[in-house]
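In what follows, a single structure is set out as structure tokens and then discussed.
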Ligand code: FES
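Chains as they are written, first to last, in the working numbering: chain A, 1 to 77; chain B, 1 to 194.
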């Protein structure tokens with residue numbers, strides 16, 4: 001699929017890409033928050049939360065990779 | 001990227017305007033009205049933006065990957081910390097520390113400084129000496145009933161080790177104590193969030 005024949009005008013594609021960018025940024029901030037909160041809990045002796053938080057971060061990362069792939073499909077160069 | 005015009009500069013006058021490629025230029029003017037340098041260095045602005053957004057997104061995804069790796073690092077560290085149970089250790093005899101005095105000892109390892117204090121209430125308390133802000137050693141201020149961190153003017157109360165002022169947010173690490181036969185023993189380390 002080339003950018004010209006994916007059924008989107010350049011404007012629509014721009015909006016889609018902006019949306020993806022926004023979501024990826026949001027998820028990245030969530031990951032950063034998760035890391036700082038886990039670190040804080042770990043230093044405070046709360047060891048229970050570390051693994052669930054790691055799995056949550058992994059899920060966020062998978063989501064971000066998926067969004068990145070969509071972005072690649074919208075602009076396959 | 002738009003192809004270069006076959007001839008340079010392009011002869012727009014002889015072309016049908018409707019057949020010209022529709023490019024939006026930053027100054028809002030049409031292609032024939034653009035200055036000559038733009039024909040020499042043609043940039044497809046829409047695509048140029050797409051590329052930078054893609055690169056930026058890749059950077060964010062890679063940063064997220066670093067966060068995830070760090071997150072698993074914390075997970076592994078928590079497994080190790082969960083297994084480590086410090087051995088009990090005799091710290092001092094009760095009569096060696098008068099009321100209001102603080103002594104500096106080490107527990108659980110020789111590189112873990114702690115402060116053991118005999119409070120005016122008669123009780124003994126011990127805390128890790130490293131400030132929970134950025135690990136500077138705290139010093140006792142017996143006259144104020146507090147511990148001070150001189151690095152950034154952080155304060156903890158002596159009775160509980162809780163932060164009172166300055167940047168620290170977490171209480172000092174508490175050393176669990178037991179008194180047996182007139183000897184103060186450290187039996188464990190308690191990290192605290194609040
Ligand atoms: S290191 Fe103690 S207040 Fe900053």
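A virtual CB, placed ideally from N, CA and C, is assigned to each residue, including glycine.
All figures in this text were calculated on a predicted structure; none of them were measured in a lab.
Interface flag, residue i vs chain A, CB-CB below 9 Å
i	result
residue 183 of chain B	no
residue 126 of chain B	no
residue 70 of chain B	yes
residue 186 of chain B	no
residue 138 of chain B	no
residue 65 of chain B	yes
residue 101 of chain B	no
residue 94 of chain B	no
Proximity test, Cβ basis, 9 Å: residue i and chain B
i	result
residue 12 of chain A	no
residue 73 of chain A	no
residue 7 of chain A	no
Chain B contact residues for residue i, given Cβ-Cβ distances below 7 Å
i	result
residue 50 of chain A	74, 75, 78
Residues near residue i in its chain [Cβ-Cβ closer than 8 Å; skip 5 each side]
i	result
residue 150 of chain B	136, 139
residue 42 of chain A	49, 50
residue 57 of chain A	31, 34, 35
Per-residue contacts from residue i into chain B (C-beta, under 9 Å)
i	result
residue 20 of chain A	53, 57
residue 44 of chain A	132, 170, 171, 191, 192, 193, 194
Interface residues of chain A facing residue i [CB-CB closer than 7 Å]
i	result
residue 81 of chain B	47
Interface partners of residue i on chain B, CB under 8 Å
i	result
residue 26 of chain A	In chain order: nothing, as chain B lies at least about 10 Å away.
residue 54 of chain A	68, 71, 72, 74, 75
residue 16 of chain A	Ordered by position in chain B, no residue passes the 8 Å Cβ test against residue 16 of chain A, which lies about 10 Å from the chain.
residue 41 of chain A	193
Cβ shell of residue i (< 6 Å), same chain only, five flanking positions each side left out
i	result
residue 24 of chain A	64, 67
Whole-number beta carbon distance between residue j and residue i, since they are thought to touch under 8 Å
i	j	result
residue 192 of chain B	residue 170 of chain B	7 Å
Close Cβ partners of residue i (< 7 Å) along its chain, the five nearest in sequence each way excluded
i	result
residue 152 of chain B	133, 166, 167
residue 27 of chain A	60, 63, 64
residue 66 of chain B	none
Determine which residues of the segment 149 to 164 of chain B have a Cβ less than 8 Å from any Cβ of chain A, and write them out in chain order. Listed by position, the residues of the segment 149 to 164 of chain B near chain A (Cβ gap below 8 Å) amount to none.
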